[in-house]
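Trainee: Just so you know, we're using the working numbering here: the sequence shown kicks off at 11 and counts up by one.
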Amino acid sequence: MGLFDIFVLGGVGVGASEWAKKIPKQWTELAWPTIRIGLTVPLSQSIDVILQNANALSVNESEIHSWHQHGRDFWVLGYGEGKFTGKNAKGFNLKNPQLRNTTVVFLYGWTALRFVADNPGVWSFHCRIELNLHMGMAVVFAEGVELLSKVPVKALTCRLTAKMVLNGT
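(1) Using the three-state DSSP reduction, which class does LEU170 fall into: helix, strand or coil?
(2) I'd like to check one pair, TRP120 with PHE94: are the Cβ atoms closer than 8 Å?
(3) Quick check on DSSP: helix, strand or coil for VAL155?
(4) Going by C-alpha distance, which of SER72, PHE102, ILE57 is nearest PHE84?
(5) So the beta strand (DSSP E) THR95 belongs to, where does it begin and stop?
(6) Verify whether the separation of the beta carbon atoms of PHE116 and GLN79 is less than 8 Å.
(7) Alpha carbon to alpha carbon, how far is VAL149 from LEU49? Give it in angstroms, no decimals.
(8) From the DSSP secondary-structure annotation, give me the bridge partner or partners of HIS78.
(9) SER54 and ALA127 look like a contact to me (Cβ under 8 Å); what is the Cβ gap, rounded to whole Å?
(10) Grouping DSSP H, G and I as helix and E and B as strand, with all else coil, what is LEU141?
(11) What number of angstroms, rounded off, separates the C-alpha of LYS173 from the C-alpha of SER76?
(12) In the DSSP output, what is VAL149 paired with across the bridge?
(13) Just to confirm my understanding: we take ARG138, look at its own chain, exclude 5 residues before and 5 after, and list those with CB closer than 6 Å. What are they?
(14) Could you check the C-alpha separation between LEU61 and THR113 for me, to the nearest Å?
(15) Using the rule of at least 16 other Cβ atoms within 10 Å of the residue's Cβ for burial, across every protein chain shown, is GLY96 buried or exposed?
(16) Might you give, ordered along the chain, the residues of its own chain that have their beta carbon closer than 8 Å to the beta carbon of TYR118, omitting 5 neighbours on each side?
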């Protein structure tokens with residue numbers, strides 16, 4: 011995967027404009043959304059992510075966002091102002107980038123990250139401002155899930171959970 015294969019645009023999540031069209035007005039644990047909020051990434055691959063910060067909920071107003079990755083660290087390749095373009099990649103720090111698990115995206119700016127998908131699991135990547143999660147400022151990276159054990163049936167003590175997991179409903 012390359013720089014343009016995974017985007018977190020406008021601080022609102024991967025493919026946010028398409029997701030927003032599909033999100034039910036109201037949903038509960040009994041009415042699960044039908045949208046996909048995760049990305050399957052190939053194990054052992056280098057993955058680049060561009061976080062692009064745009065307007066907040068109000069026009070002409072932007073906020074600083076702190077993003078955190080569970081399950082791994084990532085390298086911060088660069089920061090910039092305005093909209094990210096492919097030309098910005100020429101300025102990436104590929105010699106000694108910062109190794110972090112949390113980074114910031116500045117007002118109307120972008121941040122470029124790289125990680126290696128080498129830790130099988132399902133890992134959350136999200137804005138650290140909890141109020142922003144309802145706006146979709148999170149994504150899940152699933153890597154090497156075929157290597158993970160299945161959930162034991164005994165662990166599914168809740169009938170609704172068992173029904174959903176075992177029957178796919």
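Using N, Cα and C, we set each Cβ at its ideal position, and we do this for glycine too.
Mentor: With the structure as the only source:
(1) Correct three-state label for LEU170: helix.
(2) Contact: yes.
(3) VAL155: helix per DSSP, three-state reduction.
(4) Taking each of SER72, PHE102, ILE57 in turn and checking the Cα distance to PHE84, the smallest one comes out for ILE57.
(5) Premise fails: THR95 is in no beta strand (DSSP E) and is neither H nor E.
(6) Pairing PHE116 with GLN79 gives a Cβ-Cβ distance that is not under 8 Å.
(7) Computed Cα separation, rounded: 7 Å.
(8) Looking at the DSSP output, HIS78 sits in a beta bridge with THR112, HIS136.
(9) Right, the Cβ-Cβ distance comes to about 7 Å (below 8 Å), so this counts as a contact.
(10) LEU141: helix per DSSP, three-state reduction.
(11) Here the alpha carbon of LYS173 sits roughly 37 Å from the alpha carbon of SER76.
(12) Note: VAL149 sits in a beta bridge opposite PHE135.
(13) Same-chain partners within the cutoff: SER76, HIS78.
(14) Taking the straight line from one Cα to the other gives about 10 Å.
(15) Exposed, by the Cβ-count rule.
(16) Excluding residues within five positions, the ones whose Cβ falls inside 8 Å are ASN63, ALA64, SER72, GLU91, GLY92.
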